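Before any comments, here is the structure.
Number of protein chains: 2
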Amino acid sequence: MQSLIKQYVLNRLGGGVADVPLDALDDAAVIDGIVLKSDSYTVKPIFFPGGDIGSLAVCGTVNDICMIGGTPVALAEGFILEEGLSISDFDKILVSMRSTCDKAGVSVVTGDTKVMERGALEKIVINSSGIGRRNTSLDHNLGVVRKYRNLGSQWLLDSNVRKGDKLILSGTIGDHGISVLSARKGYGFETRVESDAAPLNQLTNDLLQIGGVVAMKDPTRGGLANLLNEWSEKSHVGILLNEQEIPIKEGVRSACEMLGLDVMEVGNEGKVVVSVVPEKAEEVLGAMQQRPEGRDAAIVGEATLEFDVVAMETVVGGRRIIPPPAGDPVPRIC
Amino acid sequence: MQSLIKQYVLNRLGGGVADVPLDALDDAAVIDGIVLKSDSYTVKPIFFPGGDIGSLAVCGTVNDICMIGGTPVALAEGFILEEGLSISDFDKILVSMRSTCDKAGVSVVTGDTKVMERGALEKIVINSSGIGRRNTSLDHNLGVVRKYRNLGSQWLLDSNVRKGDKLILSGTIGDHGISVLSARKGYGFETRVESDAAPLNQLTNDLLQIGGVVAMKDPTRGGLANLLNEWSEKSHVGILLNEQEIPIKEGVRSACEMLGLDVMEVGNEGKVVVSVVPEKAEEVLGAMQQRPEGRDAAIVGEATLEFDVVAMETVVGGRRIIPPPAGDPVPRIC
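As they're listed, the protein sequences go chains A and H. Per my numbering, residue 1 is the first one in the first sequence, and the count goes up by one each step. Per my numbering, residue 1 is the first one in the second sequence, and the count goes up by one each step.
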């Protein structure tokens with residue numbers, strides 16, 4: 001369904017002129033040097049361990065602006081509330097948004113609230129849009145890349161990954177999706193896993209100051225499997241992962257086993273994968289590990305031209321292909 | 001409810017630094033010279049005479065960017081679809097968005113689609129966010145204003161209206177709200193009234209080229225009554241309207257009588273009220289009437305310090321106060 005919709009939307013609304021247009025289907029768009037991002041949040045339930053729909057809405061948009069090489073400047077928040085939502089729940093969400101904004105150093109400058117009658121909606125939907133400027137370290141970063149190889153693009157695009165690039169993952173995967181699932185009724189499992197939802201602008205800033213980064217992307221919907229397949233497809237490269245290096249919390253691993261989920265497809269909200277020229281990989285990794293959001297960072301794979309899919313060297317030996325997620329394995333997690 | 005929510009949102013998310021911040025509660029925000037607007041559309045039904053949720057989403061955001069003195073540059077469209085929405089309806093909405101974008105000369109550069117399970121939503125909600133640049137004629141326009149009086153603001157704000165300003169309305173009121181109501185089941189009335197939903201950027205552009213405009217606002221939710229009360233409150237002026245001059249279509253007038261609605265409170269999506277220094281009022285009116293969207297334009301009132309409310313000189317003689325709409329007289333029209 002998602003891909004069908006994408007096709008229809010692109011068909012009708014695509015073709016516009018921009019530095020990074022709709023048709024690129026990248027994390028955000030760039031027009032006239034302004035980074036623009038819009039995302040709607042429909043997570044269910046709206047409160048979960050480690051976060052809520054409000055912190056998610058702020059992090060998601062802030063992070064996508066960073067991923068393309070922007071610095072978030074301001075947010076616009078659109079609330080659609082169901083009449084049944086309690087004012088105290090709404091206020092709790094607002095408080096959480098504010099504290100996440102403060103962490104990220106952005107402010108909400110405009111917004112809109114619509115109320116729908118009871119039963120028309122599930123409690124609350126938030127649309128979070130944001131604008132950003134070009135990160136002041138982006139030119140330095142691209143300059144470092146160009147010491148080692150050509151790169152036409154002025155932004156950090158999904159299509160920038162090249163053979164030999166090292167892929168660095170900033171921490172454990174699956175935490176967000178599992179924390180949301182654990183808060184749903186009827187799943188009957190308990191976990192101490194908390195959502196990783198966090199703004200990543202300070203982390204990405206540090207990496208650009210070092211330089212050598214060609215692409216960044218956050219493994220949200222569809223998890224690492226979706227992210228890497230998008231890179232592989234848009235950059236025309238294969239990707240080889242090393243399973244042993246991918247950090248996964250024990251609680252997440254066991255929850256995935258119990259629920260029959262592939263952790264590679266479970267969404268995250270405070271993680272990033274960075275594609276770096278090999279000459280700068282260790283240095284970028286080091287910078288990432290300096291920050292709390294990147295404490296568990298690891299080099300998890302590299303781009304290759306040996307094949308054109310995403311493959312993983314498994315712990316038990318042998319390789320398995322990681323296909324793009326067929327559907328949404330965990331719907332409504334963001 | 002709306003005002004309660006506003007209070008909570010401002011309380012928690014307000015206080016940010018911007019040229020025109022959230023706290024101004026103006027049509028759009030301005031930060032770093034970039035105009036930013038976000039609005040969600042939940043109109044019911046999604047198709048109505050003269051438009052649909054798609055044309056509405058584009059017009060609403062484009063127009064709000066214009067109202068503050070911006071030129072729309074790009075849009076971000078967030079779709080929340082219910083599983084039950086047919087692809088052909090969705091495609092019809094996309095086609096309508098595209099044609100409205102083409103009329104307005106803007107493109108959609110990014111977006112997002114979320115699907116919610118059947119029953120979680122009523123078919124489709126669209127969030128439309130947009131960015132704009134400062135209109136290139138805005139400085140000229142403000143220069144003309146300053147020939148006649150002081151004006152501190154660099155943008156066209158709700159708080160700019162001053163004693164003696166003439167208020168020009170660009171055309172008939174109530175068309176949009178009545179067209180949406182006529183498409184709802186159970187109201188049992190027929191009308192040929194079509195929604196006025198239209199992008200206003202070319203019209204507002206023409207007015208700024210003449211100059212003398214201090215504020216512009218589109219009478220959407222809560223209609224003319226809401227617009228004028230917002231101006232009165234934020235500008236600390238009274239407003240005196242002349243009922244005889246307010247253009248209303250016969251079909252709208254009779255539908256309002258039948259339904260017990262005050263046409264002053266019914267929403268519009270292709271109209272603007274402009275506050276102009278009196279010396280330039282006739283010239284601005286003339287320019288408005290040159291364009292199809294402003295064909296029926298009229299000077300409908302003026303700002304005064306005689307009193308501090310919105311009052312109307314009625315057709316039968318005497319004055320009546322136009323209070324701010326108590327609730328939403330026609331919910332879900334945008």
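Just so it is clear, CB atoms sit at the ideal spot from N, CA and C, and this is done for glycine as well. Keep in mind that this is a model prediction, so the values were computed, not measured.
Exercise. What's the gap between the Cα of Arg291 (chain H) and the Cα of Leu75 (chain A)?
Worked result: By one-based count along the second sequence, residue 291 (chain H) stands at place 291. By one-based count along the first sequence, residue 75 (chain A) stands at place 75. Distance from the CA atom of Arg291 (chain H) to the CA atom of Leu75 (chain A), rounded to whole angstroms, is 35 Å.
For this session: Could you name the residues of chain H that Met97 (chain A) contacts, counting a contact when the two beta carbons are closer than 8 Å?
Result: Taking the first sequence and counting its residues from 1, one reaches residue 97 (chain A) at position 97. Within chain H, the residues near Met97 (chain A) are Arg12 and Leu13.
Problem set entry | 7 Å Cβ cut-off: residues of chain A touching Glu122 (chain H) | Position 122 of the second sequence, counted from the start, is the residue given in the question as residue 122 (chain H). The contacting residues are Ala120.
For this session: Select from the segment 35 to 53 of chain A all residues with a C-beta closer than 7 Å to any C-beta belonging to chain H, and list them in chain order.
Result: So the close ones are Leu36, Lys37, Ser38, Asp39, Ser40 and Thr42.
Exercise. Relative to chain A, which residues along the segment 14 to 28 of chain H have a C-beta separation below 7 Å, given in chain order?
Worked result: Taking 7 Å as the upper bound on Cβ-Cβ separation, chain A lies near residues Gly16, Val17, Ala18, Pro21, Leu22 and Ala28 of the segment 14 to 28 of chain H.
Problem set entry | Alpha carbon of Phe307 (chain A) to alpha carbon of Ala104 (chain A), nearest angstrom | The residue labelled residue 307 (chain A) in the question sits at position 307 within the first sequence. The residue labelled residue 104 (chain A) in the question sits at position 104 within the first sequence. CA-CA distance, Phe307 (chain A) to Ala104 (chain A), rounds to 39 Å.
Exercise. Closer than 8 Å: is that where the CB of Ser88 (chain A) sits relative to any heavy atom of the ligand HEM?
Worked result: With respect to small molecules bound, the structure shown includes none, and the ligand HEM cannot be examined in it.
Exercise. At which residues does the alpha helix (DSSP H) containing Ile93 (chain A) begin and terminate?
Worked result: Start at 1 with the first residue of the first sequence, and residue 93 (chain A) comes out as number 93. Where Ile93 (chain A) is concerned, the enclosing alpha helix (DSSP H) starts and stops at Ile87 to Ala104.
Problem set entry | Neighbour-count burial assignment, Asp102 (chain H), 16 or more Cβ in a 10 Å radius | Walking along the second sequence from the start, residue 102 (chain H) turns up at place 102. By the neighbour-count rule (16 or more Cβ atoms within 10 Å), Asp102 (chain H) is not buried but exposed.
Problem set entry | Spatial neighbours of Gln244 (chain A) in its chain, beta-carbon cut-off 7 Å, leaving aside the 5 residues before and after | Sequence index remark: in the first sequence, residue 244 (chain A) carries index 244 (1-based). Closer than 7 Å at Cβ, skipping near neighbours: Val315.
For this session: Output yes if chain A places a C-beta closer than 9 Å to the C-beta of Ile87 (chain H); else output no.
Result: Taking the second sequence and counting its residues from 1, one reaches residue 87 (chain H) at position 87. At least one C-beta of chain A is nearer than 9 Å to the C-beta of Ile87 (chain H).
Exercise. Using a C-beta to C-beta distance shorter than 7 Å, which residues of chain H count as neighbours of Glu250 (chain A)?
Worked result: For this step, residue 250 (chain A) is matched to residue 250 along the first sequence. Per Cβ cutoff of 7 Å: no residues; Glu250 (chain A) is ~31 Å from chain H at best.
Exercise. Going by other Cβ atoms of all chains shown within 10 Å of its Cβ, with 16 needed for buried, is Ile321 (chain A) buried or exposed?
Worked result: For this step, residue 321 (chain A) is matched to residue 321 along the first sequence. Ile321 (chain A) comes out exposed.
Exercise. When the cut-off is 9 Å and only beta carbons count, does Thr110 (chain H) lie next to chain A?
Worked result: Sequence index remark: in the second sequence, residue 110 (chain H) carries index 110 (1-based). Yes, its Cβ sits closer than 9 Å to a Cβ of chain A.
For this session: Using a Cβ-Cβ cut-off of 9 Å, state whether Met116 (chain A) counts as contacting chain H.
Result: Position 116 of the first sequence, counted from the start, is the residue given in the question as residue 116 (chain A). It does: the Cβ of Met116 (chain A) has a partner Cβ on chain H nearer than 9 Å.
Exercise. Using CA coordinates, which residue listed in A:Arg253, A:Gly318 and A:Gly270 is at the minimum distance from Leu241 (chain A)?
Worked result: As a working mapping, residue 241 (chain A) is identified with position 241 in the first sequence. Looking at the Cα atoms, A:Gly318 is the closest of the given residues.
Exercise. Just curious, the alpha helix (DSSP H) that Ala281 (chain H) is in, first and last residue?
Worked result: Looking up residue 281 (chain H) in the second sequence gives position 281. It spans Ala281 to Gln290 - the alpha helix (DSSP H) in which Ala281 (chain H) sits, taken as one unbroken run.
For this session: Just the chain A side, please: which residues come within less than 8 Å of Glu265 (chain H) by C-beta, in chain order?
Result: Here residue 265 (chain H) corresponds to residue number 265 of the second sequence, with the count starting at 1. Neighbours of Glu265 (chain H) on chain A: none; closest Cβ ~17 Å, over 8 Å.
For this session: Tell me, to the nearest whole angstrom, how far the beta carbon of Gly143 (chain H) is from that of Gly211 (chain H); I am working on the premise that it is less than 8 Å.
Result: Taking the second sequence and counting its residues from 1, the one referred to as residue 143 (chain H) is at position 143. Taking the second sequence and counting its residues from 1, the one referred to as residue 211 (chain H) is at position 211. Between Gly211 (chain H) and Gly143 (chain H) the Cβ distance is about 7 Å, and since that is below 8 Å, they are a contact.
Exercise. Which term fits Glu282 (chain A), buried or exposed, when burial requires 16 or more other beta carbons within 10 angstroms of its beta carbon?
Worked result: Here residue 282 (chain A) refers to the residue found at position 282 when the first sequence is read from its first residue. With fewer than 16 other Cβ atoms inside 10 Å of its own Cβ, Glu282 (chain A) counts as exposed.
For this session: Look at Val272 (chain A) and Leu200 (chain A) and say whether their C-beta atoms are less than 9 Å apart.
Result: Residue mapping note: residue 272 (chain A) aligns to position 272 of the first sequence, counting from 1. Residue mapping note: residue 200 (chain A) aligns to position 200 of the first sequence, counting from 1. Their beta carbons are under 9 Å apart, which means Val272 (chain A) touches Leu200 (chain A) by this criterion.
Problem set entry | Of the residues A:Glu265, A:Glu194 and A:Val95, the one placed nearest Gly251 (chain A), counting alpha carbons only | Along the first sequence, read from residue 1 onward, the residue named residue 251 (chain A) stands at position 251. Taking the Cα of Gly251 (chain A) as reference, the smallest distance to any Cα among A:Glu265, A:Glu194 and A:Val95 is reached at A:Glu194.
For this session: For Ser3 (chain A), name the three-state secondary structure that DSSP assigns.
Result: The residue given as residue 3 (chain A) occupies position 3 in the first sequence. Three-state DSSP puts Ser3 (chain A) in a helix.
Exercise. Taking DSSP as the reference, what is the three-state secondary structure of Asp112 (chain A)?
Worked result: Here residue 112 (chain A) corresponds to residue number 112 of the first sequence, with the count starting at 1. It is a strand residue.
Problem set entry | Selected residue, minimal CA-CA separation from Arg149 (chain H), among H:Lys163, H:Ser137 and H:Trp155 | Counting from one through the second sequence, the residue named residue 149 (chain H) turns up at place 149. The residue with the shortest Cα to Cα distance from Arg149 (chain H) is H:Lys163.
Exercise. Secondary structure at Glu257 (chain A), three-state DSSP: helix, strand or coil?
Worked result: The residue you call residue 257 (chain A) lines up with position 257 of the first sequence. Three-state DSSP puts Glu257 (chain A) in a helix.
Problem set entry | Residue from A:Gln209, A:Val266 and A:Gly51 whose Cα sits closest to the Cα of Ala326 (chain A) | Here residue 326 (chain A) refers to the residue found at position 326 when the first sequence is read from its first residue. The residue with the shortest Cα to Cα distance from Ala326 (chain A) is A:Val266.
Problem set entry | Rounded distance between the beta-carbons of Asn268 (chain H) and Gly223 (chain H), thought under 8 Å | For this step, residue 223 (chain H) is matched to residue 223 along the second sequence. For this step, residue 268 (chain H) is matched to residue 268 along the second sequence. About 7 Å separates the two Cβ atoms, so the contact holds.
For this session: For the alpha helix (DSSP H) containing Thr204 (chain A), list its first residue and its last residue.
Result: Translated into positions along the first sequence, residue 204 (chain A) becomes position 204. For Thr204 (chain A), the enclosing alpha helix (DSSP H) starts and ends at Asn201 to Ile210.
Problem set entry | Interface partners of Ile5 (chain H) on chain A, CB under 8 Å | Your numbering for residue 5 (chain H) matches position 5 in the second sequence. Taking the beta carbon of Ile5 (chain H) as reference, the chain A residues within 8 Å of it are Phe79, Leu81, Phe90, Thr113 and Val115, listed in sequence order.
Exercise. Going by C-alpha distance, which of A:Asn229, A:Tyr8 and A:Leu169 is nearest Ser88 (chain H)?
Worked result: Numbered from its first residue, the second sequence carries residue 88 (chain H) at position 88. Ranked by Cα distance from Ser88 (chain H), the options A:Asn229, A:Tyr8 and A:Leu169 are led by A:Tyr8.
Exercise. Closest Cβ-Cβ distance between Ile31 (chain A) and chain H: below 9 Å?
Worked result: Position 31 of the first sequence holds residue 31 (chain A). Yes, because at least one Cβ of chain H sits closer than 9 Å to the Cβ of Ile31 (chain A).
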